[in-house]
Amino acid sequence: MARTMTGAEMVLAALNDQGVEHIFGYPGGAVLPIYDELFQQERIKHILVRQEGGALHAAEGYARSTGKVGVALVTSGPGATNAVTGLTDALMDSIPLVCITGQVPTHLIGNDAFQECDTVGITRPCTKHNWLVKNVNDLARILHEAFYIAKAGRPGPVVIDIPKDVQFATGNYVGPSNIAHKTYKPRVKPDQNAVREAVELMARAKKPVFYTGGGVINSGPKASQLLRELVRLTGYPITSTLMGLGAYPASDKQWLGMLGMHGTYEANFAMHDCDVMIAVGARFDDRITGRLDAFSPGSQKIQIDIDPSSINKNVKVDIPIVGDVAYTLEDMLRIWKSKSPQLDKAAHKSWWKQIDGWRAKKSLSYKPSRDVIMPQYAIERLFALTKDRDAYITTEVGQHQMWAAQFYHFDEPNRWMTSGGLGTMGYGLPAAIGAQLAHPKSLVIDIAGDASILMNIQEASTAVQYDLPVKVFILNNQYMGMVRQWQQLLHGNRLSHSYTESLPDFVKLAEAYGWTGMRCDNPDDLDDAIRAMIETKGPVIFDCRVANLANCFPMIPSGKAHNEMLLGSDVSDDEVGSAIGEEGKVLV
Amino acid sequence: MNMAKPVSKSHYVGPGAAQAIVSRTLSILVDNEPGVLARVIGLFSGRGYNIDSLTVTETEHEKHLSRITIVTRGTPDVIEQIKHQLERLIPIHRVRDLTNEGVALERELALIKVSGKGDKRIEALRIAEIFRAKVVDTSTEHFVFEVTGKPSKIEEFIAIMTELGLVEVSRTGIAAIGRGPASS
Ligand SMILES: Cc1ncc(C[n+]2csc(CCOP(=O)(O)OP(=O)(O)O)c2C)c(N)n1
Ligand SMILES: [Mg+2]
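Protein chains in written order, with numbering that gives the first Met the number 0: chain A, 0 to 587; chain B, 0 to 183.
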């Protein structure tokens, strides 16, 4: 039944009808009518961030830790432009977001009005879809459509740009049930013949490997359950991208660790040498494949993806399956069980033996130190002391992010939130705030770098306002470590502007925001200090002083193949300097 | 399926890999909503695809449908990507590769201005007749011809007119439709 109300009221009504409990935002002239409505109700809680960029990342953290759609509300002009990084981040990592932006009144659009910008123009390439609402009678439909599009198929961010006069205007509100989308109907059920073909190929494999990604997480908890069942039933080894960590338990014996540029030796070699690759919700991006013409040259490939454009994009596959991961795995399991295929046990045994040989390389090993805290050691201890807690981990971007992925092990999906596709420094703190808001009783830790944390440090103030006890664990190496590592590899060790001079005193910084500040620089004190951090009730910045010049290994240098991997144990400084060929230098 | 397939299709088709460049006419049916053309064009420029010709106009007013016809070039793999990327755009109903589905019917209209006197002028008029071009504007010194047909015919006509005093050309770009009774 249609109800008459103002555009601003419709926004709140639609959020309510969509089951939204929290939104992240920042007010301004062009969204005042909506803020006025927010003020006059209780159900939807608004989290006031300190910069719109923080709102978008917080909404991402909220979405990724819950599987729900994250919602942000920002004003026109600078509010909208500040949202662009978060929108792009969500697009790259397929995170469902609805971002509502205010706009100048319709009659002023195009006039260079105060705080006007072409929001739909600017955000067109960094959203899954966007709308400028010019008629209040379209608003309710568009709001509901927005939630559908953000969540359906391959998820992503959407923007609804609402001019101020439309917020004031009255029109008819319709509820979500009256909406069916005209054109957007992504395929979720896979083609049964393709699934059957895939099962037959899997059953005949001698050297199989599962290669899984963020699509498993996005498909929902059921997909992770089904993946576990299928992997155990087959007995095949499994690796995952950065985005997919947690879909399969890292504590399991079939787990090979993460693959890709900083992945384990066994994961990358298994990918290189396998004869059948089963890609599940993973998109063969360049961090994964390394040199493309040398990528897994002898394998036949199955790829399950809900987005047809992800299939055959970088790497040609033999059996493409368009569909939702959970639906497809369910079908695979059913067919596998009904066939109960005869597997080549002997081949699998020797494959595992080969894998064990690669495992014996211990590619994640590093030189321990008694005097300084090695960054890898810090994450190992952080993991050991928090793994039995109900923990959620976010990260910033850099070496610390890769060490977190290597040394913090996840047994459940939705516990790990990192900016994978865009690699956005400043992601981790606001994302932790979003995750903590959704899980108030849990332990939420942002594993941070000294440079990244300063990119959205203002959100420390948000955490205080809403009593969110997030912990920021800084691996402080006083460098933009990842930049420095590349300069060592590529640019003759000329460390151009990668030393973070004049860092703040992080303890005092914490205190200035009303947080607890802690510092540790001695490996012997580390455990106690981490325990103290966990025991502290409110938010904590932990300034963990680590070895300044440690580098992140193993590493497949850009432009190299999986089997040309550098191991930490056998790289001298000279080799670091010449590890990347001239062709690789132009790559990122 | 052929289960005995020994060699994988899997390989990387990258720079330098030998795959022929082909030209394709794509017919894209879209909801005629604001910004839809910008989405399509932005996709082509953002992902580095080519546009050789582009036409767009509303074709079914009641249903708010427009047809965008794009002639593009690329390897078959790139064309495949272009189709999938277009299909990801929300207001798109469907994308058809008309070239791939048999020889598409392709037509273009051009307005061609030629100026000259004496023999060249007479010759231009004579050639125009052969091409079934109509004179739509004239003075003692110029003609504007209207010519329709396959793009290749228009190219030919322009090539000849270049020698006979071509001043300027305006072309609509290609409108295309599939053959036979079924809709495209
Ligand atoms: C917004 C943004 N700007 C620049 C970069 C490039 N970048 C990648 S890692 C990095 C350094 C990060 O330093 P820090 O946070 O201290 O982490 P570390 O590598 O030292 O662990 C930079 C500048 C980026 N990823 N994001
Ligand atoms: Mg650092």
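Backbone N, C-alpha and C fix where the C-beta goes; we use that ideal spot for every residue, glycine too.
**Asked** Helix, strand or coil: which one does DSSP assign to proline 32 of chain A?
**Response** In the first sequence, residue 32 of chain A corresponds to position 33, counting from 1. In the structure shown, proline 32 of chain A sits in a helix (DSSP, three-state: H, G or I).
**Item:** Assigned exposure category for glutamine 341 of chain A - 16 Cβ within 10 Å defines buried
**Value:** Translated into the one-based positions of the first sequence, residue 341 of chain A becomes position 342. The residue is exposed, with fewer than 16 neighbouring Cβ atoms inside 10 Å.
**Asked** If you run the structure through DSSP and keep just helix, strand and coil, what is glycine 52 of chain A?
**Response** The residue labelled residue 52 of chain A in the question sits at position 53 within the first sequence. Correct three-state label for glycine 52 of chain A: helix.
**Asked** CB of glutamate 424 of chain A to nearest heavy atom of ligand 2: below 7 Å?
**Response** Locating residue 424 of chain A in the first sequence gives position 425, where the first residue counts as 1. Here residue 424 of chain A turns out to be methionine, not glutamate, going by the sequence shown. The beta carbon of methionine 424 of chain A sits no closer than 7 Å to any heavy atom of ligand 2.
**Asked** Would the beta-carbon of methionine 479 of chain A be found less than 7 Å away from any heavy atom of ligand 1?
**Response** On the first sequence, residue 479 of chain A is found 480 positions in, with the first residue counted as 1. Yes - ligand 1 has a heavy atom lying nearer than 7 Å to the Cβ of methionine 479 of chain A.
**Request:** Please determine if the segment 493-500 of chain A and the segment 550-565 of chain A are in contact, where contact requires at least 3 C-beta pairs separated by less than 8 Å.
**Result:** No contact exists between the segment 493-500 of chain A and the segment 550-565 of chain A.
**Prompt:** Apart from the five residues on each side of it in sequence, which residues of its chain come closer than 6 Å, Cβ to Cβ, to glutamine 405 of chain A?
**Reply:** By one-based count along the first sequence, residue 405 of chain A stands at place 406. The answer, listed in chain order, is Leu363.
**Message:** Residues in the same chain with beta-carbon distance under 6 Å from alanine 19 of chain B, minus the five sequence neighbours each way, listed in chain order, please.
**Reply:** As a working note, residue 19 of chain B is residue 20 in the second sequence. Cβ neighbours of alanine 19 of chain B beyond the five flanking positions: none.
**Asked** How about histidine 198 of chain B: is its C-beta nearer than 8 Å to some C-beta of chain A?
**Response** Outside the displayed span of chain B (0 to 183) sits residue 198 of chain B, for which this structure offers no information.
**Request:** Give the C-beta separation of arginine 49 of chain A and threonine 461 of chain A to the nearest angstrom, bearing in mind that I take them to be a contact with Cβ-Cβ under 8 Å.
**Result:** On the first sequence, position 50 is the one that residue 49 of chain A refers to. On the first sequence, position 462 is the one that residue 461 of chain A refers to. 6 Å between Cβ atoms; contact.
**Item:** chain A within 8 Å of glycine 73 of chain B, Cβ atoms only
**Value:** Here the question's residue 73 of chain B lines up with position 74 in the second sequence. Not a single C-beta of chain A is nearer than 8 Å to the C-beta of glycine 73 of chain B.
**Asked** How about serine 183 of chain B: is its C-beta nearer than 8 Å to some C-beta of chain A?
**Response** Taking the first residue of the second sequence as position 1, residue 183 of chain B is located at position 184. With 8 Å as the cut-off, serine 183 of chain B does not count as an interface residue toward chain A.
**Message:** With the cut-off set at 8 Å, would you say aspartate 449 of chain A and valine 506 of chain A are in Cβ contact?
**Reply:** Start at 1 with the first residue of the first sequence, and residue 449 of chain A comes out as number 450. Start at 1 with the first residue of the first sequence, and residue 506 of chain A comes out as number 507. It is not a contact, given that the beta carbons lie outside the stated cut-off.
**Message:** Between which two residues does the beta strand (DSSP E) holding tyrosine 172 of chain A run?
**Reply:** Taking the first sequence and counting its residues from 1, one reaches residue 172 of chain A at position 173. Per DSSP, tyrosine 172 of chain A belongs to the beta strand (DSSP E) from 169-172.
**Prompt:** Which one of A/Pro429, A/Asp306, A/Ala7, A/Gly262 has the shortest CA to CA distance from cysteine 551 of chain A?
**Reply:** Sequence index remark: in the first sequence, residue 551 of chain A carries index 552 (1-based). Per the Cα distances, A/Gly262.
**Request:** Could you list the residues in the segment 296-309 of chain A with a C-beta less than 9 Å from some C-beta on chain B, going in chain order?
**Result:** Taking 9 Å as the Cβ-Cβ cut-off against chain B, the residues of the segment 296-309 of chain A that qualify are Pro296, Gly297, Ser298, Gln299, Lys300, Asp306, Pro307, Ser308, Ser309.
**Asked** Using 8 Å as the limit for Cβ to Cβ distance, is asparagine 311 of chain A near chain B?
**Response** Numbered from 1 along the first sequence, position 312 holds the residue referred to as residue 311 of chain A. Output row for asparagine 311 of chain A: interface = yes.
**Cβ neighbour criterion (16 or more within 10 Å) applied to serine 250 of chain A** = For the purposes of this step, residue 250 of chain A is identified with residue 251 of the first sequence, where counting begins at 1. It is exposed - the Cβ of serine 250 of chain A has fewer than 16 other Cβ atoms within 10 Å.
**Asked** What number of angstroms, rounded off, separates the C-alpha of alanine 377 of chain A from the C-alpha of glycine 425 of chain A?
**Response** Taking the first sequence and counting its residues from 1, one reaches residue 377 of chain A at position 378. Taking the first sequence and counting its residues from 1, one reaches residue 425 of chain A at position 426. Going by the C-alpha atoms only, they are around 21 Å apart.
**Message:** Please identify the residue among A/Ala7, A/Glu59, A/Gly52 whose C-alpha is closest to the C-alpha of threonine 417 of chain A.
**Reply:** Working through the first sequence from its first residue, we reach residue 417 of chain A at position 418. Per the Cα distances, A/Glu59.
**Prompt:** Closer than 8 Å, CB to CB, is isoleucine 50 of chain B near chain A or not?
**Reply:** In the second sequence, residue 50 of chain B corresponds to position 51, counting from 1. Answer no: the Cβ-Cβ gap between isoleucine 50 of chain B and chain A never drops below 8 Å.
**Asked** Do valine 68 of chain A and leucine 96 of chain A come within 8 Å of each other at the CB atom, strictly closer than that value?
**Response** One-based indexing of the first sequence puts residue 96 of chain A at position 97. One-based indexing of the first sequence puts residue 68 of chain A at position 69. At a Cβ-Cβ threshold of 8 Å, leucine 96 of chain A and valine 68 of chain A count as neighbours.
**Request:** Could you tell me whether the segment 73-93 of chain A touches the segment 118-133 of chain A, using the rule of 3 or more Cβ pairs below 8 Å?
**Result:** Two segments are said to touch when three or more pairs of C-beta atoms, one from each, lie closer than 8 Å; by this definition the segment 73-93 of chain A touches the segment 118-133 of chain A.
**Prompt:** alpha helix (DSSP H) containing aspartate 118 of chain B: first to last residue?
**Reply:** Residue numbering aside, residue 118 of chain B sits at position 119 when the second sequence is read from its first letter. DSSP places aspartate 118 of chain B inside the alpha helix (DSSP H), whose first and last residues are 118-129.
**Prompt:** Using a C-beta to C-beta distance shorter than 8 Å, which residues of chain B count as neighbours of leucine 131 of chain A?
**Reply:** The residue you call residue 131 of chain A lines up with position 132 of the first sequence. Contact of leucine 131 of chain A with chain B by beta-carbon distance below 8 Å involves Pro33, Gly34.
**Message:** For tyrosine 147 of chain A, tell me which candidate among A/Ser176, A/Thr169, A/Asn136, A/Asp410 has the shortest Cα-Cα distance.
**Reply:** Counting from 1 along the first sequence, the entry for residue 147 of chain A is found at position 148. Ranking the options by Cα distance to tyrosine 147 of chain A, first place goes to A/Ser176.
**Prompt:** Residues of chain B with a CB under 7 Å from the CB of proline 124 of chain A: which are they?
**Reply:** Here residue 124 of chain A corresponds to residue number 125 of the first sequence, with the count starting at 1. The contacting residues are Gly41, Gly45.
**Message:** At a threshold of 7 Å, does tyrosine 448 of chain A count as lining ligand 2 (C-beta to nearest heavy atom)?
**Reply:** To locate residue 448 of chain A, count along the first sequence from 1; it is residue 449. One detail in the question is off: residue 448 of chain A reads as glycine in this sequence, not tyrosine. Inclusion of glycine 448 of chain A in the 7 Å shell around ligand 2 follows from its C-beta lying nearer than that to a non-hydrogen atom of the ligand.
**Request:** Could you tell me which chain B residues have their CB closer than 9 Å to the CB of threonine 118 of chain A, listed as they occur along the chain?
**Result:** The sequence position of residue 118 of chain A within the first sequence is 119, counting from 1. Residues of chain B with a Cβ closer than 9 Å to the Cβ of threonine 118 of chain A do not exist, since the nearest Cβ in that chain sits about 11 Å away.
**Request:** Please go through the segment 257-306 of chain A and give each complete beta strand (DSSP E) segment of 3 or more residues, from N-terminal end onward.
**Result:** Scanning the segment 257-306 of chain A for uninterrupted beta strand (DSSP E) segments of 3 residues or longer gives 275-279, 299-304, listed from N- to C-terminal end.
**Prompt:** According to DSSP, which residues form a beta bridge with cysteine 551 of chain A?
**Reply:** Within the first sequence, numbered from 1, the residue matching residue 551 of chain A stands at position 552. BP columns for cysteine 551 of chain A are empty, so no partner.
**Message:** Taking the straight line between their C-alpha atoms, what separation do you get for glycine 537 of chain A and valine 463 of chain A?
**Reply:** Here residue 537 of chain A is taken as the residue at index 538 of the first sequence, counted from 1. Here residue 463 of chain A is taken as the residue at index 464 of the first sequence, counted from 1. Note on geometry: alpha-carbon atoms of glycine 537 of chain A and valine 463 of chain A lie some 8 Å from one another.
**Asked** By Cβ distance, which residues of its chain are closer than 8 Å to glycine 177 of chain B, with the 5 residues on each side in sequence left out?
**Response** Sequence index remark: in the second sequence, residue 177 of chain B carries index 178 (1-based). Excluding sequence neighbours, glycine 177 of chain B sits near Ser26, Arg95, Leu97, Glu100, Gly101, Ala103, Leu104, Ser183.
**Request:** Verify the contact flag: methionine 416 of chain A, CB atom, against every heavy atom of ligand 1, threshold strictly below 7 Å.
**Result:** For the purposes of this step, residue 416 of chain A is taken as residue 417 along the first sequence, with counting starting at 1. No, the beta carbon of methionine 416 of chain A sits no closer than 7 Å to any heavy atom of ligand 1.
**Prompt:** Nearest chain A C-beta to aspartate 96 of chain B closer than 8 Å, yes or no?
**Reply:** Residue numbering aside, residue 96 of chain B sits at position 97 when the second sequence is read from its first letter. Chain A contact via Cβ: absent.
**Request:** Indicate the three-state DSSP secondary structure (helix, strand or coil) for arginine 518 of chain A in the structure shown.
**Result:** Indexing the first sequence from 1 puts residue 518 of chain A at position 519. Arginine 518 of chain A falls in the strand class under three-state DSSP.
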